Amino acid sequence: MIPLFKVAMAPDAPGRVSEVLGSGRLEHGPKVVEFEKALALRLGNPRVLAVNCGTSGLHLAFSMVADPDRFPATVQPPGGAGGPGEVLSTPLTFEATNWPILAHGLRVRWVDVDPATLTIDLDDLAAKISPATRAIVVVHWLGYPVDLNRLREIVDRAEEAHGFRPVVIEDCAQAWGATYRGAPLGNHGNVCVYSFGAIKVLTAGSGGLIVLPDDDLHRRARLRRWLGIERQADRVHGDYDVAEWGYRFPMNDISAAIGLSNLEIVDGLLARTRRNAAFYDKELSGIAGVEHTERADDREPSFWAYPLKVADRASFMRKMADAGIMTSVISRRNDAHSCVAAAREELPGLDGVHDRVVYVPVGWWLSEEERAHIADTIRSGW
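Number 172 in numbering that gives the first Met the number 0 belongs to position 173 of the sequence shown; there are no gaps in the numbering.
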């Protein structure tokens, strides 16, 4: 079976892990610091924090959103908290994006999906921003960046209209290596969270990264990452204070060692993946029952998977399985789950496309023969 996802591992990763195992520093230590510096250099933003998974990074972000008294005045709703804040988010994502919203006592409101791109519908987002909006979550689905300039314009108008600025959180879990107008994600004034899980574009085995837009949020997130304690302070005699509670979310040195190794090979893997995507762009055009998503020229996706909108998806997936090709719908639309039944509303864009979307293998592991087999199988009909 040609896999939809595959774990990438650099040849020197086992050696680096062995070095950590013999060092006596298995948890958060010098390898994490080294990994953070390397990631900051790649992103062009020094305000990064490595965490034990991407979901933990989202929890850190939402814990600060849910605490408006400690947020900068520019993003506080008039009159303070005023009850549970509302977070606008997309339901077309993995559940890890949205459940941290609920965990921090915030209220989710669903925004429709643009059927052309499968990312959040920015027109619907603009229409749904209100004085209750505490934050906005956008997902760079499959590594295709949302239009961040348009998003900034929407948030600017919201600030003018309501007197405060909603926090923007970018879920970059699938988007390592993607760029918007030539810049890596994490340089556009928002909170960004990457995942380095096993099958992500850049893997550390397990782990993630939260990228902050200013020094104050970086300082606060650093404290909250480790129980609110300043790790560099002298704590031998117990003479320290926790002014702001936190979690135990730091990355460990074993994951950081794996991440450092894979960071050295990820650009080559991305180049191969993008060549495979370009092959599909050409070879899968003009096929009855197959529709591509739209992509703007000012964005370079990472192509975590390759999306197609197909007629009779169940038959398509059976045909592909019979040909030895793994396909998937990846995630159930989040608004269909019973735990968020009270938040359901009409989402015509997502309704019209959700049952047609399927994802096919596109990654670096595909040989030219395998990608040709995938294209030939689709062209032969189902």
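From the three backbone atoms N, C-alpha and C, an ideal C-beta is built for every residue, glycine too.
Quantities reported herein were computed from a predicted structural model and do not represent experimental measurements.
Can you tell me where the beta strand (DSSP E) holding Arg247 begins and where it ends?
Premise fails: Arg247 is in no beta strand (DSSP E) and is neither H nor E.
Is the number of C-beta pairs between the stretch 243-257 and the stretch 149-166 that are closer than 8 Å three or more?
No, they do not touch.
Would DSSP call Lys199 helix, strand or coil?
Lys199: coil per DSSP, three-state reduction.
For Asn97, count neighbouring Cβ atoms within 10 angstroms of its own Cβ and tell me buried if that reaches 16, exposed if not.
Here Asn97 is buried: its Cβ has 16 or more other Cβ atoms, across all protein chains shown, within 10 Å.
I'd like to check one pair, Val289 with Lys308: are the Cβ atoms closer than 9 Å?
Between Lys308 and Val289, the gap from beta carbon to beta carbon is short of 9 Å.
Find the nearest neighbour of Phe93 within the set His336, Asp252, Pro347, Val359, judged by alpha-carbon distance.
When each option's Cα is compared against that of Phe93, the closest is His336.
Helix, strand or coil at Thr272 according to DSSP, with G and I counted as helix:
Thr272 falls in the helix class under three-state DSSP.
List the residues that DSSP assigns as beta-bridge partners of Gly207.
Under DSSP, Gly207 forms a beta bridge with Val50, Ser194.
To test your reading of the DSSP string, which unbroken beta strand (DSSP E) runs of 3 or more residues are found completely within the stretch 111-144?
Unbroken beta strand (DSSP E) stretches of 3 residues or longer found wholly inside the stretch 111-144: 132-138, given in chain order.
Which residues bound the beta strand (DSSP E) around Val32?
Unbroken run through Val32 is the alpha helix (DSSP H), 29-42; no beta strand (DSSP E).
Would you check if there are 3 or more beta carbon pairs closer than 8 Å linking the stretch 322-339 to the stretch 14-30?
The stretch 322-339, when compared against the stretch 14-30, does not touch it at the 8 Å Cβ threshold.
Helix, strand or coil at Ser17 according to DSSP, with G and I counted as helix:
Reduced to three states, the DSSP call for Ser17 is helix.
Return the Cβ separation of Glu243 and Arg273 in integer angstroms, given the expectation that the two are a contact with Cβ distance under 8 Å.
Here Glu243 is actually not in contact with Arg273; their C-beta atoms are around 42 Å apart, not less than 8 Å.
Between Gly81 and Arg271, what straight-line distance do the alpha-carbon atoms span, to the nearest angstrom?
Confidence at Gly81 is low in this model, with a pLDDT of 46, below 50, so its placement is unreliable and the value that follows should be read with caution. Spanning the alpha carbons of Gly81 and Arg271 requires a straight line of approximately 50 Å.
For Leu349, which residues of its own chain have a beta-carbon under 7 Å away from its beta-carbon, when the five flanking residues on both sides are left out?
Contacts found: Pro90, Leu91, Asp111, Val112, Arg332.
For Glu293, which residues from the same chain have a beta carbon less than 7 Å from its beta carbon, with the 5 sequence-adjacent residues on both sides left out?
Counting only Cβ-Cβ distances below 7 Å, and skipping sequence neighbours, we find Ala115, Thr116.
Helix, strand or coil for Glu169 per DSSP?
DSSP, read as helix, strand or coil, puts Glu169 in strand.
Closer than 6 Å by C-beta to Pro130: which residues in its own chain qualify, once you throw out the five before and the five after it? Chain order, please.
Only His161 meet the Cβ criterion.
Where do the ends of the beta strand (DSSP E) carrying Arg332 lie?
Unbroken run through Arg332: none, as it is neither H nor E.
Who does Ile377 pair with in a DSSP beta bridge?
Secondary-structure assignment with DSSP links Ile377 through no beta bridge to anything.
Below 8 Å, is the gap between the Cβ of Ser260 and the nearest heavy atom of the ligand ADP?
As far as ligands go, the structure on display features none, and thus does not contain the ligand ADP.
Check Gly78 in the structure and name its three-state DSSP category.
Unreliable positioning characterises Gly78 in this predicted model, as indicated by a pLDDT of 39, which lies under 50. A coordinate reading is not provided.
Only counting the same chain, and skipping five residues up and downstream in sequence, which positions put a Cβ closer than 6 Å to that of Pro71?
In this prediction, Pro71 has a pLDDT of 46, which is less than 50 and means its spatial position is unreliable; what the coordinates show is noted afterwards. For Pro71, there are no CB contacts under 6 Å within the same chain when 5 residues up- and downstream are skipped.
Through-space distance from Trp363 to Val136, alpha-carbon basis:
Computed Cα separation, rounded: 29 Å.
Cα-Cα, which of Val31, Ser17, Val107, Ala65 is closest to Ala341?
It is Val107 whose Cα lies nearest to the Cα of Ala341.
Give the range of the beta strand (DSSP E) segment to which Gly107 is assigned.
Note on residue identity: the sequence assigns Val, not Gly, to residue 107. Val107 -> beta strand (DSSP E) spans 106-109.
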